[in-house]
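K.L.:
With this note's numbering, letter number 16 in the sequence shown gets 63, and the count goes up by one each step, no holes.
Glycine residues also receive a C-beta, built at the ideal position from the N, C-alpha and C atoms.
Here it is: the structure, laid out below.
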Amino acid sequence: MRDSVEIVGINIDNVTFEEAEDRLLDFLQQDETKMIFTPNSELLVDAVKDTGFAQVLNNGDLVIPDGIGVVIASKFYGSPLKERVTGCDLMGSLIGIAYSEKKSIYFLGGKEGVAEEASQKLNDKYPGIKIAGFHHGYFDEKEEAKIIDEIIEKKPDIIFVALSAPRQEKWIYNNRHKLGVKIAMGVGGSLDVYAGRVKRAPEFYQKTGLEWLYRLMKEPKRFFRMLKLPKFIALAFYDAKTR
Ligand code: UDP
């Protein structure tokens, strides 16, 4: 039985970072594709309106609380989550595991060149890391069929998908039986971080739960997206009190 907390209708795994890492190792031993999703407040607000997205998230094999808002909201339900587990950190950990376990990785998503840059950067850090392939994230249906064929042919163990939410989660869910991978993880902007195109917030902001503030300062155009944070807190508060 998974220890999880249902927040605005979505089951979030109550795991520490180390426990999440143990799951990754376990997933790599399994025969079927395991899906990892990393919802933050913004995604959970979207999931309340989009029942298809909510269903996809609830089918995840590991659904981690990527944002501090999710951890705060869990307290309203009387079942506090142990800690925030970010998708960006867990992606880094999975890359390290792939290297030590000799598992191969495919990167799908990002602007032209980003997935390739991430592959090169990781090869510098982990010489000889197995990169099965990569493809940018701006494709139509016709190209998509070709990309899927390529993934099937290259047989990666892990695929990181950065197509922005909720597209990446739905893409993983819809293709999970075709891909033949052990782990498919939706990573969004984290791919840009590993490509070196976007800087992660300094540790101070991460530790104090203020990563959102740092990102807002760096990218003021995120302001309207971020209005979803107080909206999420209000939604979760109401949901917890009326259950
Ligand atoms: N992206 C993509 N195809 C699209 C839309 C977005 O490849 O059609 C990529 C984009 O280039 C970037 C990532 O998705 O690399 C951004 O994802 P998201 O918006 O989820 O970013 P986050 O919220 O994590 O900053």
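(1) For residue 231 and residue 216, I'd like the C-alpha separation in whole angstroms.
(2) Residue 303: beta carbon under 8 Å from a heavy atom of the ligand UDP?
(3) Using the Cβ count rule (16 or more neighbours within 10 Å means buried), how would you classify residue 79?
(4) Please determine whether the Cβ atom of residue 184 lies at a distance below 8 Å from any heavy atom of the ligand UDP.
(5) Let's see if you can read the secondary structure: which residues bound the alpha helix (DSSP H) around residue 74?
(6) Check each candidate in 174, 207, 223 and 273 and name the one with the smallest Cα separation from residue 137.
(7) Taking C-alpha atoms, which residue in 167, 97, 88 and 143 lies nearest to residue 131?
(8) Starting from residue 60 and walking both ways along the alpha helix (DSSP H), at which residues does that stretch end?
(9) Can you tell me the Cβ-Cβ gap for residue 91 and residue 279, rounded? I've got them flagged as a contact below 8 Å.
(10) Give the DSSP-derived three-state secondary structure of residue 51 in the structure shown.
(11) Looking only at its own chain, which residues have a Cβ that is under 8 Å from the Cβ of residue 254, when we skip the five neighbours before and after it?
(12) Are the Cβ atoms of residue 229 and residue 74 separated by less than 9 Å?
(13) How big is the Cα-Cα spacing for residue 185 and residue 239?
(14) How would you call residue 174, buried or exposed, if buried means at least 16 neighbouring beta carbons within 10 angstroms?
(15) Cβ of residue 89 within 8 Å of any heavy atom in the ligand UDP?
(16) Rounded to whole angstroms, what is the Cα-Cα separation between residue 180 and residue 261?
(17) Check residue 186 in the structure and name its three-state DSSP category.
(18) From the DSSP output, read off the bridge partner residues of residue 94.
P.N.:
On the basis of the supplied data:
(1) The count along the sequence shown starts at 1 and reaches residue 231 at position 184. The count along the sequence shown starts at 1 and reaches residue 216 at position 169. For residue 231 and residue 216, the distance between alpha carbons rounds to 9 Å.
(2) Because the chain here runs from 48 to 290, residue 303 falls outside it and cannot be looked at.
(3) For the purposes of this step, residue 79 is taken as residue 32 along the sequence shown, with counting starting at 1. Result: exposed.
(4) Residue numbering aside, residue 184 sits at position 137 when the sequence shown is read from its first letter. Yes.
(5) Counting from 1 along the sequence shown, the entry for residue 74 is found at position 27. Run containing residue 74: 64-74, per the alpha helix (DSSP H) assignment.
(6) Position 90 of the sequence shown, counting from 1, holds the residue named residue 137. Looking at the Cα atoms, 207 is the closest of the given residues.
(7) On the sequence shown, position 84 is the one that residue 131 refers to. It is 88 whose Cα lies nearest to the Cα of residue 131.
(8) Translated into the one-based positions of the sequence shown, residue 60 becomes position 13. Careful: residue 60 lies outside any alpha helix (DSSP H), inside the beta strand (DSSP E) at 57-60.
(9) As a working mapping, residue 91 is identified with position 44 in the sequence shown. As a working mapping, residue 279 is identified with position 232 in the sequence shown. Contact flag correct, Cβ pair sits at about 6 Å.
(10) In the sequence shown, counting from the first residue as 1, residue 51 sits at position 4. If DSSP states are grouped into helix, strand and coil, residue 51 belongs with the strands.
(11) Indexing the sequence shown from 1 puts residue 254 at position 207. Contacts found: none.
(12) Working through the sequence shown from its first residue, we reach residue 229 at position 182. Working through the sequence shown from its first residue, we reach residue 74 at position 27. The answer is yes: Cβ separation under 9 Å.
(13) Taking the sequence shown and counting its residues from 1, one reaches residue 185 at position 138. Taking the sequence shown and counting its residues from 1, one reaches residue 239 at position 192. When rounded, the distance between both Cα atoms is 15 Å.
(14) Translated into the one-based positions of the sequence shown, residue 174 becomes position 127. So residue 174 counts as exposed.
(15) Residue numbering aside, residue 89 sits at position 42 when the sequence shown is read from its first letter. Yes, the beta carbon of residue 89 sits closer than 8 Å to at least one heavy atom of the ligand UDP.
(16) Taking the first residue of the sequence shown as 1, we reach residue 180 at position 133. Taking the first residue of the sequence shown as 1, we reach residue 261 at position 214. If you take the alpha carbons of residue 180 and residue 261, they lie about 32 Å apart.
(17) For the purposes of this step, residue 186 is identified with residue 139 of the sequence shown, where counting begins at 1. In this structure, residue 186 counts as coil in the three-state DSSP scheme.
(18) Within the sequence shown, the letter at position 47 stands for residue 94. None, per the DSSP bridge assignment.
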